Structures are given as C-alpha cells and as structure tokens.
Amino acid sequence: MGLGIFFIMIFCTLLIICLNIVQIKSHPNICIRVICCILFIFTGLRYISLIVFTLGAKISVLKLLSYFYFASSIGITIPSALALWYIIPRFRERIRLWVLFLLLSPFFFFYLILIYLQPLKIIIKPGFGYRLMILQPWSNYFSILQAIFIILVFLGCFLGFKWYQYKSPRSQYLLFALGYGLMFIDGVSVLINKNTPIEPFILSEAFVMVAILYAFSTKPIKERVNTA
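Under our numbering, the first residue of the sequence shown carries the number 4, and numbering increases by one thereafter.
And the structure:
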C-alpha cells in the first residue's frame, strides 16, 4: 500500500468520524448522544495515532499514543450496539437502555483493561513506520471477544431482516452486516499474517462508521409497523 493511498484512507475515515460527531449531537437521547460523542472522539484519536506511527515518531511519543491505537475496539463496538438497538424496534421497545449497557459491560471492561495494561509490542511495519501488536494470550482473548460481538451483530441483522420488511431499516441492517463481514475478514487476515504490509481494519471500520452514521440519521420505525 502506497503512503498516499494510506493517508487518503485515514483522512476519509476521520471525515466519516467527524460526520458522526456532528450528527450524534442532535440525537434525542442524551445518554446515547454523550456516550457516542465521546467514543467517536476517542476513535478519531486512533487514526491520528496511526498517522504518527506511520511517520515514525520517537518511541516515547509512540508509547504515549499507544493508549489510543486500539481505541476503536471501544469507540466502534459500543456505538454499533447502540445503533442496532436504536434501529431494531423490537429491541428498542423491549430492552431498556440500562439493560443494554449491562449486556455490553463485559466488552467495555475488557477493552478498557486492554488499553490500560498495554500488553503490546511496538514492531516495525513492512514498508514504513511502526505498528502495535497485541501479545499473547491477550491477542487470543481479543480475537474471541471480537468474534462473539460480530456473531451478535450478524444475529441482530438477521432478526431485523426477519421481523421488518421496509427498505430503509433493511438497508441499515445490510450495511452493518457488510461492515462486520469486512471486519471478520480483516481479523482472519491478521491471524494468518500478523505483519501484513496493509494496515488492517481501516476500510472495515470506515464501513461500520458509515453504517452507524446511516442508522442514526433516520427516524426509527415503530414495532407495530410490520412484523413477520
């Protein structure tokens, strides 16, 4: 991957994140608004960190920015769950928001512990710059938790397709399924080749951020509209 293409991908993803921040500020639920806004900013710091890592700054700077390198593990996962809860009426009207947060707490605390403990190693990236690698056994834990979340997303999208026939929500479910399908492919590629020259997850995370943007941009349908 050329350096120019890499930076174009980074800046496009940052633009999508900024659009999410602008949009979520008008969300009617203050809890979702505040949490997602903070997490989107946190995710944006990941992409700034990727730029610095690629340009090859001093190790002391890289160690400081390493706290944000995997920020999307929280910054995309939690908003994705909130967005799916928001656009699937049966979930939104039967599962309280605090219950959803309780269900998400294992993911949230694991990612916080991972970011805090930093079981990471700075390695030279093929081509240019550096990247971070999660050390064992944490990389296995991380992969398992990510796989569980992806399965839950697929299940939610499947149920959304099954319950509702309208094009708008179905297109939202499809975007999430495609985004997390790409995330799964990225995860498998990392397991096969941990030192790939192509920075993983940039495109798939951008796709998921577009799905989140689309989910929160439309007024959700009601449970009574159409069920199958």
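For glycine and all other residues, C-beta sits at the position ideal for the given N, C-alpha and C. Bear in mind that the values here come from a model prediction, so they are computed numbers and not experimental data.
State the DSSP-derived secondary structure class of T230, mapped to helix, strand or coil.
Confidence is the limiting factor: at T230 the pLDDT is only 43, short of 50, which leaves the residue's position unreliable and the question unanswerable from this model.
Report all residues from its chain with a CB closer than 7 Å to the CB of Q26; omit the five preceding and five following residues, and keep chain order.
When the five nearest sequence neighbours on each side are left out, the beta carbons in the same chain lying within less than 7 Å of the beta carbon of Q26 are those of L216, F219, S220, in order along the chain.
Given this structure, state the Cα-to-Cα distance separating I20 from I195, to the nearest angstrom.
When rounded, the distance between both Cα atoms is 29 Å.
Within 8 Å, do at least three Cβ pairs link the region 152-164 to the region 174-181?
yes
Skipping 5 residues on each side, what residues in its chain have a beta carbon closer than 7 Å to that of I90?
P172, Q175, A218, P223
Run through the region 128-188 for me and flag every whole beta strand (DSSP E) of 3 or more residues, listed as ranges in chain order.
133-137
How many Å lie between G182 and F145 at the Cα?
19 Å
Since I13 and L53 are thought to touch, with beta carbons under 8 Å apart, how far apart are those beta carbons, to the nearest angstrom?
6 Å
Could you check how far apart the C-beta atoms of L65 and Y133 are, in whole angstroms? I think they sit under 8 Å.
6 Å
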